[in-house]
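The structure appears below as structure tokens.
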Amino acid sequence: MLALTGARLAVYAFANGSRAYGFMTDEYYYLDCTEHLALGYVDHPPLSIWLLWLVRATLGDSIEAVRLLPALAHCVTLVLAGWLARELGGGRRAQAFAALMTLTSPLIFGVTATYSMNSLEFVLWMAAAVVIAKLLRGTTTSRWLSLGAILGLGLLNKLSMLWFGLGFAVGLLATDARRQIATPGPWLAAALAALIFLPNLFWQHSNGWATAEFMRATAVEKQLTYTSPVEFLLVQLFINGVPFWPMGLVWYFRVAGRRHRLLGWLFGTVFVLLLVSGSAKPYYAAPVYPIVFAAAGVWFEGVARMRVWLAPVAAAALVGMAVLLAPLGFSLVPPERLARALEELGVGGLTVDVTEASPLPQHFAQMFHGEAVVRAVEEAATTLSADERKKAFVLAGHFGEAGPINFHRRELDLPPAVGGHTGYWLWGPGDATADVMIVVAEPGSALLENWREVVRVSAIDCLWCMPYLTDKSLYVVRGPERSIDEIWPELRDFE
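Here you go:
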């Protein structure tokens, strides 16, 4: 375990220095969220933001500091996968193989390459799975309360913990563990989880159930990019890159895994739910995979006893696959080399939720957005007089534009950014007025009709960015037709 965690931290150290492309747009947004600590946010619960605030307060906000926690989360996850393999009856080889699969899964190391609540999700799901395995061996009140606490923290991190809860409920009903429903344990766990999640519910109530509105708007948007079950399955097989995990699922439903079959039902429920949804992004299924990696480790250990050559061959295959796909998860090579390689392979412009592509995969393209936006705002600010610059604000239409401006504004003396996208709308215009603003918008945007004087002053020029960003320009607007408070309600955008 020490060797594997050391390997993961070595990759973190190698990829996050001068080689790093930059913060993703989402990371800039999360950093801005730490300036507005709350019990909730439009598009996510608060736990990941509180932890990021703690990181900034103790380690600073360099790219190495911000991405340390996801790397550590991956390390903890692979240890928990080994621990779960032990709970399933596996020996040292099973534990090591489960941990190795968790380390080398391209889907997991891709998610944990940047900061988000998704990296914390792995730890919470696997911690809950270990507790469930212990409960299947013998129930105690303390174990049920531990499960409830983990589920509650999981909900404070990301609402997808509800999928885990649904899978657990299906597993209870589908196995001999259903007799536990008649005991206080499951109900104590559910009550404790709800109690821990209660502060976020209070926030939702106080803010008009903003997350529910965000989820409805997002669901409508996703209907436009339907993914068939076959496409989802093929993508999972490709981006997970681990050929052994199906055997873990089979193990749960064979005689050897009967005691822990509930975990097999849990995995199957979550996977099928995402498979048939038609709108699940590829990484949604990522946190459930280590549950079958653990079982696959136990299966592998039994097979390897009869075929001594299998262990080194399998380990070499896993490591080789990870090394081959690592440049798609971490910024290990210059962007021009990566773009050229992807073009030669015929897979350039990989996207998740948009149709127009960059030469780079979408998550990498978004690491160049911040620098491009900041550069354009710097150019636009030079057109303002000294008096205008003191009172000017940037009006951004997307969190990916507002976040980098606010992160860099003090060091570069930029106007602060406000906007109507997700959390920015709830935070309001603050001290902003509509007298002089730099507006980031597409040509002909209805937003620009709120000012009598509109002057295009700069464009967003970025070779590697997504086209939806470079289609926008920056305008200096003066002579407002209405006040910012009158304009603000029309800016609300929770998609």
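Each residue of the sequence shown is one higher than the one before, counting from 6 in this note's numbering.
We put the CB at the ideal spot given by N, CA and C, even for glycine.
Asked	Found
Helix, strand or coil at His-41 [DSSP, three-state]	coil
Arg-483 to Asp-490 span [Cα, whole Å]	16 Å
Straight-line Cα distance separating Ser-282 from Gln-228	Unreliable placement is indicated for Gln-228, whose pLDDT of 46 sits below 50; the coordinate value is still reported in the next sentence. Each residue's alpha carbon lies about 10 Å from the other.
For Phe-404, the residue or residues it bridges with in DSSP	Looking at the DSSP assignment, Phe-404 forms no beta bridge with any residue, so it has no partner.
In DSSP terms, what Leu-479 is bridged to	Val-445 and Ser-463
Bridge-paired residues (DSSP) for Trp-456	Pro-485
N- and C-terminal bounds of the alpha helix (DSSP H) containing Gly-153	146 to 162
Nearest-angstrom Cα separation, counted from Phe-202 out to Leu-158	7 Å
Status (buried if at least 16 other CB within 10 Å, exposed otherwise) for Arg-72	buried
Per DSSP, the bridge partner or partners of Asp-498	His-426
Start and end residues, alpha helix (DSSP H) containing Cys-80	73 to 92
Start-to-end residues for the alpha helix (DSSP H) that takes in Gly-170	166 to 179
Cβ neighbours of Thr-144 in the same chain (closer than 6 Å, five flanking residues each side left out)	Gly-190
Residue from Pro-248, Lys-477 and Pro-287 whose Cα sits closest to the Cα of Thr-232	Pro-287
Nearest-angstrom Cβ-Cβ length linking Ser-53 and Ser-151, presumed shorter than 8 Å	Wrong, their Cβ atoms sit about 21 Å apart, outside the cutoff.
Ser-147, buried or exposed, once every other Cβ within 10 Å from all chains shown has been counted against 16	exposed
Spatial distance of Ala-179 from Ala-331 (CA atoms)	39 Å
Complete alpha helix (DSSP H) runs within the stretch 272 to 312 (minimum length 4 residues, chain order)	294 to 311
Reduced DSSP category for Leu-229 - H, G, I as helix; E, B as strand; rest coil	Residue placement at Leu-229 is poorly supported in this model, since its pLDDT is 46, which falls under 50; the coordinates are not used for a value here.
Leu-57 versus Leu-74 - alpha carbon distance	9 Å
Nearest residue (CA-CA) to Leu-93, options Leu-268, Leu-479, Ser-488 and Ser-284	Leu-268
Phe-19 - DSSP class collapsed to helix/strand/coil	helix
Same chain, Cβ closer than 7 Å to Glu-218, neighbours up to 5 away in sequence not counted	Phe-499
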